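K.L.:
Quick one: structure below, then a few questions.
2 protein chains.
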Amino acid sequence: MNQDQLAAIDRYIDDNLPRYIADLQALCRLPSVAAQARAMEETARATAALLEEYGIAARLLPTTRFPVVHGAVAGESDKRLLCYNHYDVQPAEPLELWHSDPFEPEVRDGKLYGRGVGDDKGHILCRLAAIDALKAITGGLPCGVVFLIEGEEEIGSGSLDAHIAEHRDLYAADGCLWEFGGVDYDDRPQIYAGMRGDLYVELRVRTAERDAHSGLGGSIFPNAAWRLTWALATLKDAEERILIPGWYDDVRPAGVRDRELLEALPSDEERLRTTYGIREFLLGVSGLEFKRRAIFEPTCTISGIGAGYQGPGSKTVLPCEAMAKVDFRLVPNQRADDLLEKLKSHLVAEGFGDIEVLQHGGYNAARVDPDHPFVRMVADTGWEVYDRPAVIHPTSGGSGPMDAFVKHLGVPIANVGIGYPDSGAHAPNEHIRLVDFARGAKQTARVMLRMADL
Amino acid sequence: MNQDQLAAIDRYIDDNLPRYIADLQALCRLPSVAAQARAMEETARATAALLEEYGIAARLLPTTRFPVVHGAVAGESDKRLLCYNHYDVQPAEPLELWHSDPFEPEVRDGKLYGRGVGDDKGHILCRLAAIDALKAITGGLPCGVVFLIEGEEEIGSGSLDAHIAEHRDLYAADGCLWEFGGVDYDDRPQIYAGMRGDLYVELRVRTAERDAHSGLGGSIFPNAAWRLTWALATLKDAEERILIPGWYDDVRPAGVRDRELLEALPSDEERLRTTYGIREFLLGVSGLEFKRRAIFEPTCTISGIGAGYQGPGSKTVLPCEAMAKVDFRLVPNQRADDLLEKLKSHLVAEGFGDIEVLQHGGYNAARVDPDHPFVRMVADTGWEVYDRPAVIHPTSGGSGPMDAFVKHLGVPIANVGIGYPDSGAHAPNEHIRLVDFARGAKQTARVMLRMADL
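For the protein sequence lines, the chains are A and B, in the order given.
Its first residue numbered 2, the first sequence is counted upward by one per residue in my numbering.
Its first residue numbered 2, the second sequence is counted upward by one per residue in my numbering.
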């Protein structure tokens with residue numbers, strides 16, 4: 002591949018950007034919120050149809066929940082690139098904070114706004130744009146490409162482990178592009194050699210069959226909101242230490258190579274502070290310890306809590322039910338199923354056997370060798386496109402079903418994508434910059450071109 | 002007054018019940034939720050117009066918030082009865098639990114359902130029905146009647162103390178019928194020789210300018226829901242002890258006369274257990290201690306709490322703001338303003354100076370002499386109407402602005418009313434039994450007849 006051809010591919014992507022964005026907008030109009038089971042089958046079918054439009058043989062593979070979209074297209078070499086993506090999205094709430102309809106994606110000021118434009122439908126289109134450009138300019142594909150597009154990523158990928166285990170041959174590949182990627186505040190492409198695990202639970206408690214007047218019941222009736230508050234307070238103390246017995250038992254701390262990678266990471270502290278309007282980070286950490294904590298520390302986050310009256314002013318009510326959503330991030334070697342049992346035992350031991358624990362998701366943590374040739378190749382293509390060396394994180398602070406790919410496929414994994422730090426993934430006004438979309442597609446095309454040389 | 006005339010009054014009330022209920026329904030169609038500032042002026046005007054229809058000179062007296070409806074009608078004796086009521090109501094939320102529109106009151110099965118039918122608009126109509134019947138049968142009123150109908154009872158009666166202090170002469174009276182009353186599960190009329198005080202606060206905390214992804218911020222960003230959970234956990238322990246320093250300093254415990262009254266109180270334990278579906282009362286108390294705790298114990302009730310994602314399934318978000326509504330009931334001698342300062346100091350001392358404290362209401366506790374002749378007379382009329390002796394509670398577990406009446410007017414206070422334990426005051430499907438309305442009006446008429454003999 003000479004520089005002229007690369008330039009032609011880049012130009013083709015730029016020229017056809019409006020078409021890719023229009024396809025992305027159409028896909029994002031489908032409100033495929035997995036947590037709310039909205040439009041899931043419809044979106045799976047639309048995703049398969051979209052793959053077919055781009056010349057990829059696609060079909061739906063059933064799971065016990067939402068189907069997986071499988072796609073495959075042959076290439077000129079026997080090397081295969083696996084693209085892992087998902088067609089489900091996070092809930093759009095709180096709706097009142099969106100400046101435009103989350104499911105009517107809209108371009109404003111060089112950015113596309115809408116739920117799923119970045120996480121993760123934009124990444125599906127990014128892969129398709131690369132394939133489209135390669136075929137248009139070179140007449141074919143330099144490697145085979147396989148798609149695994151699931152519909153449960155935002156709710157814990159409950160079906161994925163069994164699906165991959167069952168279809169090992171279908172997904173065998175020489176490298177895998179993960180579902181997300183992009184640049185940091187300084188436009189440096191980011192690679193994550195692993196992900197934290199995740200255990201997401203809902204705690205529910207009911208203390209009576211109906212709410213009572215707080216003047217009647219205040220000193221004699223159990224109060225669900227108090228039960229939940231006290232139970233939560235036993236999970237983590239104000240020094241951020243998780244108090245559940247055995248929680249840290251299996252933690253594998255960061256090693257020497259991790260530390261090298263951590264030290265090489267640019268600092269995002271000031272920019273995160275500005276973006277989120279935070280006066281001080283937790284425990285006042287900064288520097289290397291800030292970087293270490295951000296990705297190597299188990300977390301216990303209250304993602305939501307609700308009970309009783311939340312409207313304006315006062316209502317003198319004593320609530321009979323209360324709910325909290327708690328998101329635990331796991332570090333390497335922690336196992337979600339083990340920790341779920343530890344959580345349940347802890348609640349019982351602390352006298353909170355009345356608190357019901359519902360699991361909404363669980364991933365184990367996963368690691369990839371940051372020095373694998375595939376990972377290095379992806380990093381190199383990043384440097385070409387972004388004119389800056391890629392930043393290699395020893396693991397991501399975020400979570401995903403990476404463990405299933407590592408365990409069943411043994412495939413090396415790296416990131417190429419269209420995100421940037423203010424994309425607002427999972428938040429109101431999620432968006433992508435169109436320029437990032439184009440660069441992500443260009444890098445994806447380069448990765449496909451280099452697969453044959455691996 | 003002979004028995005024939007009393008019988009004629011009772012018959013008149015029964016015969017005209019549909020008219021009184023129709024007037025009550027009209028008043029309840031106005032959604033005068035003080036906490037939400039809905040239809041307040043309109044309801045004040047409608048209440049004054051209603052009084053005028055029943056022959057009572059009425060006008061609106063301005064306050065700094067919602068107007069007071071003042072009404073006065075002369076009687077044949079120089080004795081005056083003060084009727085304290087309120088035209089505001091509690092919020093109707095959660096709306097989905099109502100079986101009919103809370104603001105379209107509907108009669109089903111001998112009961113009238115709607116927000117405010119009992120608390121407190123039904124009590125306004127109960128007084129008017131008594132006046133109507135007395136005038137129809139006796140051609141006049143045996144005593145003067147003064148109305149004080151405020152619009153802020155459900156939000157803490159913020160304007161009332163100053164209003165009464167300013168208009169002492171307007172409200173001077175020989176006895177006061179409180180805004181609520183009614184029977185227990187065994188149809189015994191209830192009298193409350195006092196009320197607990199109340200301090201209702203909203204705790205708010207904001208830790209950042211926007212929500213974050215819990216995978217990004219979990220171990221490095223402050224979390225508003227955690228701040229609030231930890232702060233709440235410092236307020237009360239699982240043994241129901243309020244942990245704020247000095248909270249119990251001024252508590253005047255129940256005395257010997259209180260104990261006599263407590264011992265004479267019938268036990269509601271089993272029926273409360275059934276009505277609310279409660280397995281065990283707080284701390285497993287029962288008997289005399291149950292009765293004592295229910296009304297002589299300071300409380301700290303979480304009436305509402307909210308942060309982050311509360312929808313179905315999971316959302317991996319780290320919330321930047323959180324809110325709780327906390328209702329403290331005060332016992333005799335505790336002062337709301339003093340306790341508010343103690344709460345604020347406590348939060349700062351515990352490291353929660355970032356938690357904002359907004360006050361939504363505050364009453365001091367109040368006591369009335371349970372052996373005052375007016376109170377005894379009201380109790381006697383209860384026995385006549387209900388064929389059961391009245392139950393005299395040393396104080397109510399609930400709260401109200403009774404302190405202002407005791408302090409500024411020195412008036413004895415008792416209860417006559419239309420409620421029963423399952424009325425659902427402050428809850429969905431609030432209702433009254435029509436038979437209770439009629440009996441409340443009949444007892445009110447008897448109280449007016451006996452005023453001259455006080």
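Backbone N, C-alpha and C define an ideal beta-carbon position, used for all residues, glycine too.
Keep in mind it's a predicted model, so treat the numbers as computed, not measured.
Using a Cβ-Cβ cutoff of 9 Å, what residues of the region 276-292 of chain A are near chain B? List them in chain order.
P.N.:
Cβ contacts with chain B: T276, Y277, G278, I279, R280, E281, F282, L283, L284, V286, F291.
K.L.:
Hey, how far is the Cα of Q6 (chain A) from the Cα of A137 (chain A)?
P.N.:
Going by the C-alpha atoms only, they are around 11 Å apart.
K.L.:
Considering only the beta carbon of each residue, do G276 (chain A) and P422 (chain A) sit closer than 9 Å?
P.N.:
The residue asked about is misnamed: residue 276 (chain A) is Thr in this sequence, not Gly. Closer than 9 Å, so yes.
K.L.:
Is V332 (chain A) closer than 9 Å to V252 (chain A) when the C-beta atoms are compared?
P.N.:
In contact: V252 (chain A) and V332 (chain A) (Cβ atoms closer than 9 Å).
K.L.:
Is it buried or exposed, N365 (chain A), if we count other Cβ atoms within 10 angstroms and call 16 or more buried?
P.N.:
N365 (chain A) should be labelled buried.
K.L.:
By how many angstroms is the C-alpha of K443 (chain A) removed from the C-alpha of P223 (chain B)?
P.N.:
So the alpha carbons of these two residues sit roughly 37 Å apart.
K.L.:
Of all Cβ atoms in chain A, is any one closer than 9 Å to the Cβ of C177 (chain B)?
P.N.:
No, no contact with chain A.
K.L.:
Within the same chain, show all residues whose beta-carbon is closer than 8 Å to that of L61 (chain B), passing over the 5 residues directly before and after it, in chain order.
P.N.:
Closer than 8 Å at Cβ, skipping near neighbours: A45, R46, A49, P68, V69, V70, H71.
K.L.:
Would C1 (chain A) pass as a contact of L82 (chain A) if the rule is Cβ separation under 9 Å?
P.N.:
Residue 1 (chain A) falls outside the range modelled here, since chain A spans only 2 to 455, and no answer is possible.
K.L.:
Suppose you measure from the CA of M41 (chain A) to the CA of A295 (chain A); what does that come to, to the nearest Å?
P.N.:
About 33 Å.
K.L.:
Looking at the secondary structure, which residues open and close the alpha helix (DSSP H) in which I125 (chain A) lies?
P.N.:
Segment 122-139, the alpha helix (DSSP H) holding I125 (chain A).
K.L.:
Can you look up E298 (chain A) in the DSSP assignment and give me helix, strand or coil?
P.N.:
Coil.
K.L.:
Counting beta carbon pairs with one atom in the region 146-164 of chain A and one in the region 87-98 of chain A, are three or more of them shorter than 8 Å?
P.N.:
Because the criterion of three Cβ pairs below 8 Å is met, the region 87-98 of chain A and the region 146-164 of chain A touch.
K.L.:
Comparing alpha-carbon positions, which option in B:H394, B:N430, B:G399 lies nearest L1 (chain A)?
P.N.:
There is simply no residue 1 (chain A) to check, as chain A begins at 2 and stops at 455 in what is shown.
K.L.:
Out of A:G401, A:S397, A:T396, A:R377, which one is the CA nearest neighbour of P390 (chain A)?
P.N.:
The shortest C-alpha separation from P390 (chain A) is found at A:R377.
K.L.:
Please classify E261 (chain B): does DSSP put it in a helix, a strand, or coil?
P.N.:
DSSP places E261 (chain B) in helix when its eight states are reduced to three.
K.L.:
Please confirm if L233 (chain A) has its CB atom under 9 Å from at least one CB of chain B.
P.N.:
Chain B, which has a Cβ nearer than 9 Å to the Cβ of L233 (chain A), makes this yes.
K.L.:
In chain D, which residues lie with their C-beta within 8 Å of the C-beta of S268 (chain B)?
P.N.:
Chain labels in this structure do not include chain D; the protein chains are A and B.
K.L.:
Would you call the region 7-27 of chain A and the region 123-135 of chain A touching, i.e. three or more CB-CB distances under 8 Å?
P.N.:
Because the criterion of three Cβ pairs below 8 Å is met, the region 7-27 of chain A and the region 123-135 of chain A touch.
K.L.:
Could you list which residues in chain A have their beta carbon closer than 7 Å to that of R294 (chain B), in chain order?
P.N.:
Neighbours of R294 (chain B) on chain A, chain order: S220, I221.
K.L.:
Based on the DSSP output, what are the partners of D326 (chain B) in its beta bridges?
P.N.:
First, the amino acid is wrong: residue 326 (chain B) is Lys here, not Asp. Answer is B:E203, B:G305.
K.L.:
Quick check on the burial criterion: 16 or more other C-beta atoms within 10 angstroms. Buried or exposed for Q191 (chain A)?
P.N.:
That one is buried.
K.L.:
Would the region 426-433 of chain B and the region 98-113 of chain B be scored as touching if the rule is three or more Cβ pairs under 8 Å?
P.N.:
With a cut-off of 8 Å, the region 98-113 of chain B and the region 426-433 of chain B count as touching, because enough Cβ pairs lie within range.
K.L.:
Under a CB-based cut-off of 9 Å, is W99 (chain A) close to chain B?
P.N.:
No, because no Cβ of chain B sits closer than 9 Å to the Cβ of W99 (chain A).
K.L.:
Once DSSP output is grouped into helix, strand and coil, what is the label at C144 (chain B)?
P.N.:
Residue state, collapsed to three classes: coil.
K.L.:
Taking only beta-carbon positions, decide if D212 (chain B) is within less than 9 Å of chain A.
P.N.:
Chain A contact via Cβ: present.
K.L.:
Using 8 Å as the threshold, is the region 411-422 of chain A in touch with the region 190-204 of chain A, meaning 3 or more CB pairs across them?
P.N.:
With the cut-off at 8 Å, the region 411-422 of chain A and the region 190-204 of chain A touch.
K.L.:
Write down every uninterrupted run of the beta strand (DSSP E) in the region 40-116 of chain B whose length is 3 residues or greater and which is fully enclosed by it, in chain order.
P.N.:
Within the region 40-116 of chain B, the complete beta strand (DSSP E) runs of at least 3 residues are 58-62, 69-74, 81-87, 107-109, 112-114.
K.L.:
Do you know how far the Cα of D338 (chain A) is from the Cα of E167 (chain A)?
P.N.:
Approximately 21 Å, taken between the alpha carbons.
K.L.:
Whose CA, out of A:L236, A:V257, A:G256, lies closest to the CA of G247 (chain A)?
P.N.:
That would be A:L236, whose Cα lies nearest to the Cα of G247 (chain A).
K.L.:
Enumerate, from N- to C-terminal direction, the unbroken beta strand (DSSP E) stretches of 3 or more residues contained entirely within the region 203-227 of chain B.
P.N.:
Fully enclosed beta strand (DSSP E) runs of 3 or longer: not present.
K.L.:
The alpha helix (DSSP H) that contains H456 (chain B), what's its start and end?
P.N.:
Given that chain B is displayed from residue 2 to residue 455, the structure contains no residue 456 (chain B) and the question cannot be resolved.
K.L.:
Within the region 320-382 of chain B, note down every full beta strand (DSSP E) run reaching 3 residues or more, in order along the chain.
P.N.:
Runs found: 322-331, 357-364.
K.L.:
Give a yes or no on whether the minimum CB-CB distance between K136 (chain B) and chain A is below 9 Å.
P.N.:
Answer no: the Cβ-Cβ gap between K136 (chain B) and chain A never drops below 9 Å.
K.L.:
Looking at chain B, is there any beta carbon in it that lies within less than 9 Å of the beta carbon of T208 (chain A)?
P.N.:
Interface residue, yes.
K.L.:
Using a C-beta to C-beta distance shorter than 9 Å, which residues of chain B count as neighbours of E298 (chain A)?
P.N.:
Neighbours of E298 (chain A) on chain B, chain order: G219, S220, I221.
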